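Participant:
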Amino acid sequence: MSLDYTPRPLWLTFDCYGTLIQWDEGLLAAVQKMLSNRPGHGIEPQRFIEVYDHHEHALEQTPPHRSFRQVTREGLRLAMEQLGLPSSPADGELLADSISAMPPFAEVVDTLARLKTMGFKLCIVSNTDDDIIAGNVAQLGGHIDRVITAQQAGAYKPAPRLFDYAHEQLGVGRDEVVHICASPHLDHAAARDMGFRCVWVDRGTGRQLLPDYHPDATVSTLDQVPELFHSLDW
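Quick note on the UniProt record's numbering: the sequence shown kicks off at 1 and runs consecutively.
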């Protein structure tokens, strides 16, 4: 697929963590802190993150809907149980607070400003709670027009319900939006199933494309998006 000869969007929607905000770096720092409080375990942080990610995503797709804080607490508890580590409710709060404080990538704020001057409206669509993402949005220079969360929609990506809710709130059809994201297994899955346009920010983290979906365009950093759009006469 390609963005060529498709209409200029009214809105750009963004995944937040990993696309605008330094998720991998922040999560690694939080996990290292938790593990340092439990000496002698011999567990590598990346192994812990793999186990936690598995439980987090499973909980997000298992009824009933839970807040992201609840998902975080339970996901950490299950990960620590699986890895034979003692757990504490404070771990969930540590991680949630760490997420809220994660900073943007270096090029993000200036790029969002450029996209605004080009006339686009900007919205974040994220698998999180309103109070958690507020700390991240506060670091984005005031350029974000709307924030749509899983808490508001009562659903997590890749469920279409979150994106349907976002499009309803923005008052747009799918041909009036381009989604910009870093997550193949969440955002690309939704784009595949729903048919909205999607730009992948492949930051070289090793995330792999889905076998049955390719994004409409790929960039390595967000500051390549304005040039992409200029090439399309947008």
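Cβ coordinates follow ideal geometry from the N, Cα and C atoms, glycine included.
No experiment lies behind these values; they were computed from the predicted model shown.
State the Cα-Cα distance for the pair N127 and G92, rounded to the nearest angstrom.
Facilitator: By one-based count along the sequence shown, residue 127 stands at place 127. By one-based count along the sequence shown, residue 92 stands at place 92. Approximately 16 Å between the Cα atoms of the pair.
Participant: On the three-pair Cβ rule with 8 Å, is the region 36-48 touching the region 78-97?
Facilitator: yes
Participant: First and last residue of the beta strand (DSSP E) that includes L122?
Facilitator: For the purposes of this step, residue 122 is taken as residue 122 along the sequence shown, with counting starting at 1. Run containing L122: 121-126, per the beta strand (DSSP E) assignment.
Participant: Per DSSP, what are the beta-bridge partners of V177 in this structure?
Facilitator: What you label residue 177 is simply residue 177 of the sequence shown in a count that begins at 1. Per DSSP, W11.
Participant: Three Cβ pairs or more, each shorter than 8 Å: is that satisfied between the region 149-157 and the region 99-112?
Facilitator: No contact exists between the region 149-157 and the region 99-112.
Participant: Near T205, which residues of its chain fall below 7 Å by C-beta distance, leaving aside the five closest residues on each side in sequence?
Facilitator: As a working note, residue 205 is residue 205 in the sequence shown. Same-chain partners within the cutoff: D24.
Participant: Give me the residue from F196, V51, A90 with the minimum Cα distance to Q70.
Facilitator: Reading the sequence shown from its first residue, position 70 is the one you call residue 70. Checked all of F196, V51, A90; the closest Cα to Q70 is A90.
Participant: Residue range of the beta strand (DSSP E) that T218 falls in?
Facilitator: Residue numbering aside, residue 218 sits at position 218 when the sequence shown is read from its first letter. Note, T218: beta strand (DSSP E), 217-219.
Participant: Check whether the Cβ atoms of V177 and H188 sit closer than 8 Å, and answer yes or no.
Facilitator: Here residue 177 refers to the residue found at position 177 when the sequence shown is read from its first residue. Here residue 188 refers to the residue found at position 188 when the sequence shown is read from its first residue. Cβ atoms of V177 and H188: not closer than 8 Å.
Participant: Going along the chain, which residues of its own chain have a beta-carbon closer than 7 Å to the beta-carbon of A190, five neighbours each way excluded?
Facilitator: Residue 190 sits at position 190 when you count from the first residue of the sequence shown. Taken in chain order, the residues that qualify are K157, P158, P160, F163.
Participant: Give every residue of the same chain whose Cβ lies closer than 7 Å to the Cβ of L76, excluding the five residues on either side of it in the sequence, and list them in chain order.
Facilitator: Counting from 1 along the sequence shown, the entry for residue 76 is found at position 76. Cβ within range, chain order: Y52, S87, D91, G92, L95.
Participant: Taking Cβ to Cβ, would you say D216 is nearer than 8 Å to R192?
Facilitator: Here the question's residue 216 lines up with position 216 in the sequence shown. Here the question's residue 192 lines up with position 192 in the sequence shown. No, the Cβ-Cβ distance between D216 and R192 is not below 8 Å.
Participant: When DSSP builds the beta bridges, which residues end up paired with W200?
Facilitator: Along the sequence shown, read from residue 1 onward, the residue named residue 200 stands at position 200. DSSP lists C181, T218 as partners of W200.
Participant: Less than 8 Å separating the beta-carbons of R197 and H179?
Facilitator: Reading the sequence shown from its first residue, position 197 is the one you call residue 197. Reading the sequence shown from its first residue, position 179 is the one you call residue 179. Their beta carbons are under 8 Å apart, which means R197 touches H179 by this criterion.
Participant: Just the C-alpha distance for S100 and A29, rounded to the nearest angstrom, thanks.
Facilitator: Residue 100 sits at position 100 when you count from the first residue of the sequence shown. Residue 29 sits at position 29 when you count from the first residue of the sequence shown. Distance between the alpha carbons of S100 and A29 is about 13 Å.
Participant: Going along the chain, which residues of its own chain have a beta-carbon closer than 6 Å to the beta-carbon of D223, five neighbours each way excluded?
Facilitator: Reading the sequence shown from its first residue, position 223 is the one you call residue 223. Closer than 6 Å at Cβ, skipping near neighbours: E107, T111.
Participant: What's the C-alpha gap between I132 and P7?
Facilitator: Within the sequence shown, numbered from 1, the residue matching residue 132 stands at position 132. Within the sequence shown, numbered from 1, the residue matching residue 7 stands at position 7. Going by the C-alpha atoms only, they are around 34 Å apart.
Participant: Specify, as a first and last residue, the run of the beta strand (DSSP E) that V147 falls within.
Facilitator: Taking the first residue of the sequence shown as position 1, residue 147 is located at position 147. Start and end: 146-149.
Participant: How is the alpha helix (DSSP H) around Q46 delimited, first residue to last?
Facilitator: The count along the sequence shown starts at 1 and reaches residue 46 at position 46. Run containing Q46: 45-60, per the alpha helix (DSSP H) assignment.
Participant: Compare the Cα-Cα distances from L122 to each of M102, D15, L210, P45 and report the closest residue.
Facilitator: What you label residue 122 is simply residue 122 of the sequence shown in a count that begins at 1. Checked all of M102, D15, L210, P45; the closest Cα to L122 is D15.
Participant: Which of the three DSSP states is assigned to P104 in this structure?
Facilitator: Taking the sequence shown and counting its residues from 1, one reaches residue 104 at position 104. It is a strand residue.
Participant: Check Y5 in the structure and name its three-state DSSP category.
Facilitator: Here residue 5 refers to the residue found at position 5 when the sequence shown is read from its first residue. It is coil, neither helix nor strand.
Participant: Let's see if you can read the secondary structure: which residues bound the alpha helix (DSSP H) around G135?
Facilitator: Here the question's residue 135 lines up with position 135 in the sequence shown. 130-137 is the span of the alpha helix (DSSP H), which, as asked, contains G135.
Participant: Considering only their Cβ atoms, is the gap separating W234 from T218 smaller than 8 Å?
Facilitator: Locating residue 218 in the sequence shown gives position 218, where the first residue counts as 1. Locating residue 234 in the sequence shown gives position 234, where the first residue counts as 1. Not closer than 8 Å, so no.
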